Amino acid sequence: MDATEPRPTFVPTSYPGILHHYTKDLTAFEFDSPALRSSSSNGNGGGKPNTLLFIAGLGDNLLTVPYVSDLVKTGWSVVQVLISSTANGWGTGTLTRDAKEIALCISYFKIQLSRPKVVVLGHSTGCQDIMHYLCRLEVSQQAHGQLDGAILQAPVSDREALAMMMGKETYERSWKHAQRLVKSGRGGDIMPAQITKEVFEAPCSAFRWYSLTSPNMDGEDDFFSSDIGEDILEGTFGAVVPAGTPLLVCYSGEDEFVPLTVDKEGLVEKRGVDE
Numbered sequence: 182m183d184a185t186e187p188r189p190t191f192v193p194t195s196y197p198g199i200l201h202h203y204t205k206d207l208t209a210f211e212f213d214s215p216a217l218r219s220s221s222s223n224g225n226g227g228g229k230p231n232t233l234l235f236i237a238g239l240g241d242n243l244l245t246v247p248y249v250s251d252l253v254k255t256g257w258s259v260v261q262v263l264i265s266s267t268a269n270g271w272g273t274g275t276l277t278r279d280a281k282e283i284a285l286c287i288s289y290f291k292i293q294l295s296r297p298k299v300v301v302l303g304h305s306t307g308c309q310d311i312m313h314y315l316c317r318l319e320v321s322q323q324a325h326g327q328l329d330g331a332i333l334q335a336p337v338s339d340r341e342a343l344a345m346m347m348g349k350e351t352y353e354r355s356w357k358h359a360q361r362l363v364k365s366g367r368g369g370d371i372m373p374a375q376i377t378k379e380v381f382e383a384p385c386s387a388f389r390w391y392s393l394t395s396p397n398m399d400g401e402d403d404f405f406s407s408d409i410g411e412d413i414l415e416g417t418f419g420a421v422v423p424a425g426t427p428l429l430v431c432y433s434g435e436d437e438f439v440p441l442t443v444d445k446e447g448l449v450e451k452r453g454v455d456e
């Protein structure tokens, strides 16, 4: 997740690469790299590169996560995927919409461009998109069998982070207001700015706010909270489809959005995945 605190000043730069239209309206930027150039020079599609698809977090846009361009040093071709939720679009979106669009992008690179291996890398709230794709999106809607692995980098509980940032009273008022709207069939209504503006600039629907903040563990976004029990984990980390998909969790040891009371190493071990 990303608060509205000022971002670091970015120096104007240019990056050569390819802008792919993986649907009519959605694009993905593939950074120029030795792997990509080697593929092009071989001709006839030979030696096509393995491909890493990067999914950014709330509020992020193209190149706002500084380390992405450096990943070309891994020898893989690196692609930043832009979805409808990119930048401020997340507030009125859902993880289901995100996951469907990610599936289309996976299919584009794996099937249309015949890339040998395709792995997705989620950053911050982008990790929720990947988990939703892996364990909640219907198999018929997935790029089934086309994904070769997934990486979660800096997964974070938005619920715990927002409770810490907003203070108990404001946090509780916000999720209860969202809950009332959702229960009355008004989940698409925009939350009052006086509630959300202290942490997010983007307009946010009641459904998405409740998904991010509900302490009842029924929010669509709630994959990484420290108080989630084994029964719920069985339906998320224990329900990855297809079974056996390699999954790497890279928890940030100094993530400012994780409360100090959270045992990060214990959290990763609890989920039973490689750290």
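Per our numbering, the sequence shown starts with residue 182, numbered consecutively.
Even glycine gets a Cβ: it sits at the ideal position worked out from N, Cα and C.
Note that this is a predicted model, so its numbers are computed, not measured.
Approximately 6 Å separates the beta-carbon atoms of Asp-310 and Ala-280; this is inside 8 Å, confirming the contact.
DSSP, reduced to helix, strand and coil, places Ala-284 within a helical segment of the structure shown. The alpha-carbon of Ser-433 is positioned some 28 Å away from that of Gln-327.
Nearest neighbour of Leu-448 by Cα position, chosen from Asp-412, Ser-406, Ala-420, Met-372, turns out to be Ser-406. Between Asp-213 and Pro-230, the gap from beta carbon to beta carbon reaches 8 Å or more. DSSP places Gln-375 in the uninterrupted alpha helix (DSSP H) bounded by 374 to 377. Inclusion of Ile-376 and Ser-386 in the CB contact set at 8 Å is not warranted, their separation being larger than that value. For the pair Asn-269 and Glu-382, the CB atoms are nearer than the 8 Å cut-off. Per DSSP, the continuous beta strand (DSSP E) segment holding Ala-209 begins and ends at 208 to 212.
DSSP, read as helix, strand or coil, puts Val-421 in coil.
For Leu-234, the uninterrupted beta strand (DSSP E) segment begins and ends at 232 to 236. Contact annotation: the stretch 312 to 319 does not touch the stretch 347 to 361, with fewer than three C-beta pairs closer than 8 Å. Going by beta carbons, Gly-368 and Phe-388 fall inside the 8 Å limit.
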